[in-house]
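S.K.: I'd like to ask you about the structure that follows.
Protein chains in written order, with this note's numbering: chain H, 8 to 337; chain D, 8 to 337.
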């Protein structure tokens, strides 16, 4: 059972893998990204993954057989496990609990060679629909407080398998970064009685210089205080804290914008490694209108080094106005 | 002039390089680490760096000539600049100020081929003495609120020049990570009327299982909630918030412990990339005894990916008890 441990100074939680703990030699021998052939995510290899929890496939086809378009499975080596109870406890001055949660993999396409940017608009829509489906299902588990959906693309962005996939980790505590965002949004909300994200959308629309693209329901901007060069946020125009409440129409618009941004980044930045994450409201606790879900795309073009780790400051060598201009024209 | 921009949601500051901004092509063409030959940090090439601000060299030798043992220079491409004023201002809903600060490089040895782990105890002491010297000098500038000293080792930990060096960045705002640490330490202090770091040192000493090494004045531990495998904190036993107040005797003990940890990591983990940072109290504002300066060493063996960026959670595949055991025996 993995452990959740709390840093007694900052309150930051970390997950310690207690089974199959890595020894010093294991890091030196880190395997390269798995190439085709015996890829467990490829059609025909369904038996080599845990039993699927959801899939989009043709009518009348059996679960865990091929013929799927999007397939969601539990992670074979999960960071957190769904079985058991939290058993919150102390260990001397320290706080600890069992690593309860969910860790799932969303296999985005049967095609090993494609990336999310290469899929058709309809295919990207199904990926987002799978995100929504899992989000709505997992929140029934009352032990869970947060669902984080994310994607790692490229080895240096943490992707350890080549086959296109996203991941979902559901945690029994609200992550620190999300707490910080909600705290900040709440302060703004209390002061101005408006949502900070809605205000950003309006303000950026007015200036225009950091807007990358826009459609009926979504706007993509290079945020004013971008941590990373070419960082891009995709925001729904309709104020809603909960990603799970996205409508079918919004999924269509979101997929179209997301696909377009990824395609432009791929072309402009030569298929850069990137991470994207969806920030949404926590489960269970009510958020009073200050949260506004969104998707953050972080190309990994620079190294995060001592200064960033020590300070939480980021040095961005490309002003977001210029990044937006490049991405607008790409 | 670089800009400091504040994220309106989280309050996180970032530094935007406005001169020589990088274009998309510049990232693809990222240069490899500079090899010997025309290294600007090597003796004989003093004229190719900015004028030194401090050096340890033999008696009677001229500044900016060779013959130094440790040499401190302003960074040729500084993230922040010392000239000008802050000019705090708004831009619509956003907050911005000029990128005032200092960015210096501590060249640790004339020997291009060595790393900090390879230096003699006396040589490491002089590096720490240079840190202290610069810390005491820079705090005279009342615009500065924080001095962060850090070291990047290895390309993937952000080192862009091979010649052994550390860096110092002085900022006009207290960095977010430091604020968080102080906030947490303060909460603990108010609740228990004791320093959380002092308590950690006592508790770890009692258990022993996360202690890596210890001498008269310092203890090295694998922290209970280590974010990274083999993360190591070096803490002074004497309670003091201010690194600048380190005594000559403590410098000797700190250098001995730091050198020993780096040597063990180099051997055990095959010269891993790493960052280390010194966390100390902010300048100007008084901290009421809750801060306790320390040095955090973070080997970079795992990728920080979407989950970590999105959540602030870390997944550590090596429990700190096991890491400490390996490092104790190395």
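Every residue gets a Cβ at the ideal spot worked out from N, C-alpha and C, and that includes glycine.
Quick one: what does DSSP say residue 250/D is sitting in, helix, strand or coil?
M.R.: Here residue 250/D sits in helix by DSSP.
S.K.: Could you give the DSSP three-state label for residue 123/H: helix, strand or coil?
M.R.: It is helical.
S.K.: Could you check the C-alpha separation between residue 320/D and residue 23/H for me, to the nearest Å?
M.R.: Spanning the two alpha carbons is a distance of roughly 11 Å.
S.K.: For the pair the stretch 67-79 of chain D and the stretch 308-322 of chain H, tell me if three or more CB-CB distances fall below 8 Å.
M.R.: Short answer: they don't touch.
S.K.: Taking contact to mean at least 3 C-beta pairs separated by less than 8 Å, is the stretch 192-206 of chain D in contact with the stretch 158-169 of chain D?
M.R.: Flag = no, the stretch 192-206 of chain D and the stretch 158-169 of chain D do not touch.
S.K.: Against chain D, does residue 314/H count as a neighbour if the rule is that its beta carbon must be under 7 Å from one of theirs?
M.R.: It does: the Cβ of residue 314/H has a partner Cβ on chain D nearer than 7 Å.
S.K.: Where residue 178/H and residue 280/H are concerned, what is the direct C-alpha to C-alpha distance, given to the nearest angstrom?
M.R.: Approximately 26 Å, taken between the alpha carbons.
S.K.: Considering only their Cβ atoms, is the gap separating residue 128/D from residue 110/D smaller than 7 Å?
M.R.: Against a cut-off of 7 Å, the Cβ pair of residue 128/D and residue 110/D comes out as no contact.
S.K.: Scan the stretch 40-112 of chain H and note each continuous beta strand (DSSP E) run of 3 residues or more that stays entirely inside, going in chain order.
M.R.: You should have 61-64, 75-81, 96-98 and 101-105.
S.K.: Please classify residue 70/H as buried or exposed, where buried requires at least 16 other C-beta atoms within 10 Å of its C-beta.
M.R.: So residue 70/H ends up on the exposed side.
S.K.: Distance, Cα to Cα, residue 146/H vs residue 290/H?
M.R.: Answer to the nearest angstrom: the Cα atoms are 7 Å apart.
S.K.: Three-state secondary structure (DSSP) at residue 216/D?
M.R.: Of the three classes helix, strand and coil, the one that applies to residue 216/D here is coil, per DSSP.
S.K.: Excluding the 5 residues flanking residue 273/H on each side, which residues of the same chain have their C-beta closer than 6 Å to its C-beta?
M.R.: Within the same chain, residue 273/H has close Cβ partners 124.
S.K.: Where do the N-terminal and C-terminal ends of the beta strand (DSSP E) with residue 193/H fall, by residue?
M.R.: Unbroken run through residue 193/H is the alpha helix (DSSP H), 183-199; no beta strand (DSSP E).
S.K.: In its own chain, which residues sit with a C-beta less than 7 Å from the C-beta of residue 57/D, not counting the 5 before and 5 after it?
M.R.: Closer than 7 Å at Cβ, skipping near neighbours: 80, 81 and 83.
S.K.: The stretch 169-181 of chain H: which residues have C-beta closer than 8 Å to a C-beta of chain D, in chain order?
M.R.: Cβ contacts with chain D come from 174, 176 and 178.
S.K.: If you check the beta carbons only, do residue 132/H and residue 260/H fall under 7 Å apart?
M.R.: Going by C-beta atoms, residue 132/H is not nearer than 7 Å to residue 260/H.
S.K.: Thinking just about the alpha-carbon of each residue, which of 33/D, 267/D, 105/D and 114/D is nearest to the one in residue 47/D?
M.R.: Closest option to residue 47/D, Cα to Cα, is 114/D.
S.K.: Just verifying my parser: in three-state terms, what is the DSSP assignment at residue 20/H?
M.R.: Strand.
S.K.: Listing by chain order, which chain H residues have their CB less than 8 Å from the CB of residue 286/D?
M.R.: Within chain H, the residues near residue 286/D are 317.
S.K.: Quick test of the definition: if touching needs 3 or more C-beta pairs under 8 Å, does the stretch 137-151 of chain D touch the stretch 98-106 of chain D?
M.R.: Cβ pair count under 8 Å is below three, so no.
S.K.: Beta strand (DSSP E) containing residue 13/D: first to last residue?
M.R.: It spans 10-13 - the beta strand (DSSP E) in which residue 13/D sits, taken as one unbroken run.
S.K.: With 7 Å as the limit, tell me which residues of the stretch 102-134 of chain D have their beta carbon closer than that to any beta carbon of chain H; keep them in chain order.
M.R.: Here the close residues number zero.
S.K.: Using a Cβ-Cβ distance cut-off of 7 Å, determine whether residue 298/D contacts chain H.
M.R.: For residue 298/D, the answer is no, since every Cβ of chain H falls outside 7 Å of its Cβ.
S.K.: Could you check whether the Cβ of residue 240/D sits closer than 7 Å to any Cβ belonging to chain H?
M.R.: No - not a single Cβ of chain H is within 7 Å of the one on residue 240/D.
S.K.: Which first and last residues belong to the alpha helix (DSSP H) in which residue 131/H is found?
M.R.: Residues 128-145.
S.K.: Going by beta carbon distance, what residues of the same chain come within less than 6 Å of residue 63/H, once the five residues before and after it are set aside?
M.R.: These residues qualify, in order along the chain: 76, 77 and 133.
S.K.: Whose CA, out of 214/H, 265/H, 237/H and 196/H, lies closest to the CA of residue 224/H?
M.R.: Minimum Cα distance to residue 224/H is reached at 265/H.
S.K.: Check the Cβ-Cβ distances between residue 155/D and every residue of chain H, and say whether any is below 7 Å.
M.R.: Chain H, which has a Cβ nearer than 7 Å to the Cβ of residue 155/D, makes this yes.
S.K.: Short of 7 Å in beta carbon distance, which residues of its chain neighbour residue 337/H, apart from the five on each side in sequence? Order them along the chain.
M.R.: Closer than 7 Å at Cβ, skipping near neighbours: 271, 274 and 275.
S.K.: Is the Cβ-Cβ distance between residue 112/H and residue 152/H less than 7 Å?
M.R.: Result no, Cβ atoms of residue 112/H and residue 152/H do not sit closer than 7 Å.
S.K.: For the stretch 299-306 of chain D against the stretch 135-145 of chain H, are there 3 or more C-beta pairs whose distance is under 8 Å?
M.R.: Verdict: no, contact absent.
S.K.: For the candidate residues 329/D, 19/D and 52/D, whose alpha-carbon lies nearest to that of residue 216/D?
M.R.: Among 329/D, 19/D and 52/D, the Cα nearest to that of residue 216/D is on 329/D.
S.K.: Within the 7 Å Cβ cut-off, does residue 148/H reach chain D?
M.R.: No, its Cβ sits nowhere closer than 7 Å to a Cβ of chain D.
S.K.: Grab the span of the alpha helix (DSSP H) containing residue 265/D for me, first residue to last.
M.R.: That run of the alpha helix (DSSP H) goes 255-275.
S.K.: How long is the line joining the alpha carbons of residue 269/H and residue 100/H, rounded to whole angstroms?
M.R.: Cα to Cα, residue 269/H sits roughly 46 Å from residue 100/H.
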